[in-house]
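Novice:
Residue numbers (the UniProt record's numbering): 1 to 433.
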């Protein structure tokens with residue numbers, strides 16, 4: 001879902017600017033949430049042509065991962081030879097292919113083979129793109145990285161999978177980093193005021209030489225597919241009074257940590273909207289009752305100032321609501337960009353993947369604060385409720401932080417305007433097509 005949403009947003013933005021857009025959908029989908037989102041998207045944007053890409057079956061037993069996301073990337077790669085026929089059967093002919101970064105090393109050569117320019121949509125931060133571009137140039141193992149033109153990325157912030165050279169993520173990361181120079185351009189869902197250093201370093205050849213244009217086009221607004229279920233509750237809350245708590249689609253906490261988080265939210269004294277995940281959405285959240293996760297009596301104690309729910313929600317609908325005043329987040333890229341667009345200050349609690357790098361962007365830009373001691377990926381330590389409650393109060397009461405986030409919102413709104421930096425970036429991309 002974290003990759004699907006920004007692609008839908010880009011497709012909608014291009015269609016609204018007069019482009020003839022086709023959207024390739026992979027079958028079968030990984031999760032029910034993904035399938036429903038795709039269906040709702042095409043219903044909302046009937047001008048966008050749907051191209052169904054049916055994957056060939058394969059035996060996953062030989063793959064060194066059971067993660068459904070990586071298995072799906074592997075399945076798409078093994079079906080890549082079917083892409084030219086799919087594109088050739090569509091009319092009118094295509095002028096370019098926009099590719100997800102996870103598929104870049106597989107599909108850029110295929111696009112080149114049929115004479116089709118290819119662009120990468122990079123869904124994470126420009127800082128993370130810098131790490132992706134620089135990482136394959138280093139011959140030593142994982143350590144602190146001084147990225148040219150940027151800052152030092154400590155070893156602890158490097159995605160855990162990259163510490164293992166044989167991990168499927170590492171293989172893909174290196175291959176995709178090496179092929180960046182073969183793309184016609186790289187689209188990043190960020191904006192100048194949020195990441196000026198990273199964008200400048202990438203485009204001036206400081207990170208690595210030979211990169212194509214890196215074009216900031218964000219923050220793209222999510223395609224509006226209707227109200228989400230928490231909105232009626234939010235309508236009844238005072239302005240800027242609610243802290244939104246969500247850790248993305250692929251982050252699941254232990255039962256013990258979930259209970260401590262619940263204690264912290266209760267002790268904070270703040271109103272809150274909490275989306276609980278005990279499993280990643282890609283594996284479908286099972287029928288675990290909230291009462292069993294949170295402890296007997298919890299929902300009753302917080303019912304007057306807290307709403308707790310499970311499953312997928314339309315996060316941008318929540319973040320743009322007038323009642324939201326803070327965001328306790330894992331610092332996934334979509335979450336960071338959406339918070340910036342709506343001026344919601346972030347309390348960062350990153351786990352794995354790109355999240356620590358994104359959390360550094362949050363802290364450096366003034367969008368929020370990052371508690372560097374909090375982490376759960378591969379670590380046993382549980383953050384206690386008392387400390388969580390104190391940090392949540394800090395988030396909601398810090399007037400300087402609120403003002404800084406509001407300033408970034410103004411910058412984001414300027415950026416996505418037609419004459420803004422990202423508006424011009426999207427227009428330049430269309431001219432390139």
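Every residue gets a Cβ at the ideal spot worked out from N, C-alpha and C, and that includes glycine. It should be emphasised that the depicted structure is a prediction, and the values quoted were computed from it without experimental measurement.
Nearest-angstrom Cα distance between residue 334 and residue 123?
Specialist: So the two alpha carbons sit approximately 8 Å from each other.
Novice: Determine the extent of the alpha helix (DSSP H) in which residue 35 is found, giving its start and end residues.
Specialist: Note, residue 35: alpha helix (DSSP H), 32-44.
Novice: Taking Cβ positions, are residue 230 and residue 313 nearer each other than 8 Å?
Specialist: Cβ distance < 8 Å, so residue 230 and residue 313 count as in contact.
Novice: Note down, in chain order, each residue of its chain lying with its Cβ closer than 7 Å to the Cβ of residue 155, except the 5 sequence neighbours on either side.
Specialist: Hits under 7 Å: 142, 143, 144.
Novice: Residue 107 to residue 113, Cα distance in whole Å?
Specialist: So the two alpha carbons sit approximately 10 Å from each other.
Novice: Can you tell me which residues form a DSSP beta bridge with residue 436?
Specialist: Any property of residue 436 remains undetermined from this structure, which presents the chain solely from 1 to 433.
Novice: Tell me which residues share the same chain as residue 22 and place their Cβ nearer than 8 Å to its Cβ, disregarding the 5 neighbours each side in the sequence.
Specialist: Hits under 8 Å: 48, 49, 50, 51, 90, 94.
Novice: Among 119, 307, 300, 328, which one has its Cα closest to the Cα of residue 389?
Specialist: Residue 328 is the option with its Cα nearest to residue 389.
Novice: Under a Cβ-count criterion, where at least 16 other Cβ atoms within 10 Å of its own Cβ denotes burial, should residue 286 be classed as buried or exposed?
Specialist: In this predicted model, residue 286 has a pLDDT of only 49, less than 50, meaning its place in the structure is not dependable; the value taken from the coordinates is given anyway. Under this definition residue 286 is an exposed residue.
Novice: Using C-beta distances below 7 Å, list every residue in its chain close to residue 175, excluding the 5 sequence neighbours before and after it, in chain order.
Specialist: 105.
Novice: Between 100, 2, 292, 302, which lies nearest to residue 264 when the distance is taken from Cα to Cα?
Specialist: Checking every option, the nearest Cα to that of residue 264 belongs to 302.
Novice: Considering just the uninterrupted stretch of the alpha helix (DSSP H) at residue 414, what are its terminal residues?
Specialist: From DSSP, the alpha helix (DSSP H) with residue 414 extends over 399-416.
Novice: For residue 81 and residue 201, I'd like the C-alpha separation in whole angstroms.
Specialist: Taking the straight line joining both Cα atoms gives about 35 Å.
Novice: Tell me, which residues are paired with residue 310 by DSSP?
Specialist: Note: residue 310 sits in a beta bridge opposite 276.
Novice: Checking the sheet assignment: what are the DSSP bridge partners for residue 121?
Specialist: DSSP lists 100, 187 as partners of residue 121.
Novice: State buried or exposed for residue 397, treating a residue as buried only when at least 16 other CB atoms are found within 10 Å of its CB.
Specialist: When all chains shown are included, residue 397 counts as exposed.
Novice: Here's the rule: buried if 16 or more other CB atoms are within 10 angstroms of the residue's CB, otherwise exposed. What is residue 5?
Specialist: Label assigned to residue 5: buried.
Novice: Assign residue 26 to one of three DSSP states: helix, strand, or coil.
Specialist: The answer is strand: DSSP assigns residue 26 an E or B state.
Novice: Tell me whether the beta-carbon of residue 392 lies closer than 8 Å to the beta-carbon of residue 347.
Specialist: In contact: residue 392 and residue 347 (Cβ atoms closer than 8 Å).
Novice: Flag this pair as touching only if the region 57-75 and the region 37-47 have three or more C-beta atom pairs under 8 Å; answer yes or no.
Specialist: No, they do not touch.
Novice: With DSSP collapsed to three states, give me the class of residue 88.
Specialist: Residue 88 falls in the helix class under three-state DSSP.
Novice: Give the range of the alpha helix (DSSP H) segment to which residue 233 is assigned.
Specialist: Looking at the DSSP string, the run of the alpha helix (DSSP H) that includes residue 233 is 231-235.
Novice: Name the two residues that bound the continuous alpha helix (DSSP H) containing residue 8.
Specialist: From DSSP, the alpha helix (DSSP H) with residue 8 extends over 4-16.
Novice: Quick one: residues in its chain with C-beta nearer than 6 Å to the C-beta of residue 411, no 5 flanking neighbours on either side, listed in chain order?
Specialist: 193.
Novice: I'd like the list of long-range same chain contacts for residue 126, defined as Cβ closer than 6 Å, with 5 residues on each side in sequence excluded.
Specialist: 188, 190, 195, 198, 199, listed in sequence order.
Novice: Output the distance between the C-alpha atoms of residue 371 and residue 361, rounded to the nearest integer angstrom.
Specialist: Approximately 13 Å, taken between the alpha carbons.
Novice: By DSSP's criteria, residue 239 is part of a beta bridge. Which residues make up the other side?
Specialist: The partner list for residue 239 (beta bridge, DSSP) is empty, contrary to what the question assumes.
Novice: State the beta-bridge partners of residue 368 as determined by DSSP.
Specialist: Per DSSP, 346.
Novice: Check for me: the beta strand (DSSP E) holding residue 328 runs from which residue to which?
Specialist: Its beta strand (DSSP E) spans residues 324-329.
Novice: For residue 281, does the count of other Cβ atoms within 10 angstroms reach 16, so buried, or fall short, so exposed?
Specialist: Residue confidence is low: residue 281 scores 49 on pLDDT, short of 50, so the model does not pin down where it sits. Its coordinate-derived value is still stated next. Classification of residue 281: buried, given that the 10 Å Cβ count is 16 or more.
Novice: Rounded to the nearest angstrom, what separates residue 45 and residue 166 at their Cα positions?
Specialist: Roughly 41 Å separates the two Cα atoms.
Novice: What do you reckon, is the C-beta of residue 211 under 7 Å from a heavy atom of the ligand GDP?
Specialist: Absent from the structure shown: the ligand GDP. Ligands present: none.
Novice: Among residues of its own chain, excluding the 5 on either side of residue 283, which ones have a beta-carbon nearer than 7 Å to its beta-carbon?
Specialist: In this predicted model, residue 283 has a pLDDT of only 49, less than 50, meaning its place in the structure is not dependable enough to derive any value.
Novice: Hey, could you find the ends of the alpha helix (DSSP H) residue 259 is sitting in?
Specialist: Start and end: 255-268.
Novice: Closer than 8 Å, CB to CB, is residue 318 near chain B or not?
Specialist: Of the protein chains in this structure there is only one, and it is not chain B.
Novice: Can you look up residue 194 in the DSSP assignment and give me helix, strand or coil?
Specialist: Here residue 194 sits in coil by DSSP.
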